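In what follows, a single structure is set out as structure tokens and then discussed.
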Amino acid sequence: MDCQRRWENMEFDCLVSIFSLLRLDDLTASIPFVCKSWSQAASDPACWRTLDFRPLDLKPSSTFAKRLASQYSVPRYTFSGFLKLAMALSRGAAFELCFSPLFPASMEVLARACADCPRLRVLGLPRIGSDDEGRFLGMLGKWNELERLEMESKPSRLPEMVKEIGLRCSRFQGLKVRGWIKNEDVAAILDFLPNLQSLDLSGCRVEKAQLLRVTDGCQELKLLSLKDCFGLEVDEEVKRGACGIEVFNHEGCRLEDNDSGSAVSLDDDELEQMMMMVDGFDCLEMWMF
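Residue 589 in the numbering used here sits at position 236 of the sequence shown, and the numbers go up by one each step.
In structure tokens:
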């Protein structure tokens, strides 16, 4: 009897180990409906530690959405319902939560995530509305195990967020943002995240002097990505400053913002508005096609 029980436990553990590698659409709409043992294994919190919605087709008209509604006998699929299901199945064990650009997180969703996923290590957000930055700032410190934050649109209150992370999140080591990098952003990183190991500024507007301050002040950087940045030419001085960084990506960096050769002339607010419009057009295009 003991041998049989050990075998069953080993089989269950193997299934959980395999299922933890699957995407969320398979875990919710496919695996649980194969057989009872697979359903039990798929509901183990270890399978729901990574809640990554980015690779999924979450539109209500998608094949996944229709299958999910059918399998769970609900009148219609909603992303919020799917999100609640995923967070409930994680039972507080989720350590990675990344939202799709087409379905950015509302403050209500983030508040629920703050309560249901207190052990997050990685948080990926498309954007935070300027009116919601204060509320998000209050949530950040509650994820005191946070190690990486990815934001596709740089918030205007980034220095305050960096300060909160530096004071509350002792394990933090990776930051990704996109937007116009300002002197106050750099100062906050140097003051509160001097031990940063990964910094991704791909697509940002960043100046050479700011970059040199970062490479000089963040001595533990192992990865620095400047792909497609503008306002910056990676010359010998920049390369010397980054020589101790294991991974230094700078493909596509340019001093100018277009092919005509005109210099960047937009001010900070104009550029940030332009980048938000580009993000919006990207989302619209994905919806249309």
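Even for Gly, the Cβ is constructed at its ideal location relative to N, Cα and C. Computed from a predicted model, the values in this text were never measured in an experiment.
Selected residue, minimal CA-CA separation from residue i, among the options
i	options	result
Leu-574	Ala-395, Ala-441, Lys-580 and Leu-543	Leu-543
Glu-310	Asp-569, Lys-580, Ile-481 and Ser-578	Outside the modelled stretch of the chain, which goes from 354 to 642, sits residue 310, for which no answer is possible.
Gly-527	Gly-556, Leu-490, Leu-554 and Leu-549	Leu-549
Leu-380	Ser-443, Asp-553 and Ser-453	Ser-443
Ile-598	Asp-553, Leu-502 and Ala-441	Asp-553
Gly-434	Val-539, Ala-464, Lys-529 and Ala-418	Ala-418
Cys-451	Lys-535, Leu-436 and Arg-566	Leu-436
Ala-439	Pro-512, Ala-382 and Ser-414	Ala-382
Limits of the alpha helix (DSSP H) - the one that residue i falls within
i	result
Arg-566	561-570
Lys-529	Taken as a continuous stretch (DSSP letters only), Lys-529 belongs to no alpha helix (DSSP H), being part of the beta strand (DSSP E) at 527-529.
Pro-652	Nothing about residue 652 can be read from this structure; the chain reaches only from 354 to 642.
For residue i, the three-state DSSP class (helix, strand or coil)
i	result
Cys-606	coil
Cys-451	strand
Thr-381	helix
Ser-373	coil
Phe-365	helix
Trp-335	Residue 335 is absent from the model: the chain starts at 354 and stops at 642.
Ser-551	strand
Val-600	strand
Arg-558	strand
Arg-402	coil
For residue i, the first and last residue of its enclosing beta strand (DSSP E)
i	result
Asp-538	No beta strand (DSSP E) holds Asp-538; the alpha helix (DSSP H) holding it covers 536-545.
Leu-577	576-578
Glu-503	501-504
Distance CB(residue i)-CB(residue j) smaller than 8 Å
i	j	result
Ser-373	Arg-420	no
Pro-385	Ala-395	yes
Leu-502	Leu-455	no
Leu-490	Ile-518	no
Leu-577	Phe-601	yes
Open item on the list: Please give me, in chain order, every unbroken run of the beta strand (DSSP E) with length at least 3 that falls completely inside the segment 410-485.
Closed with: Taking only runs of at least 3 residues, the beta strand (DSSP E) segments lying wholly in the segment 410-485 are 449-451 and 475-478.
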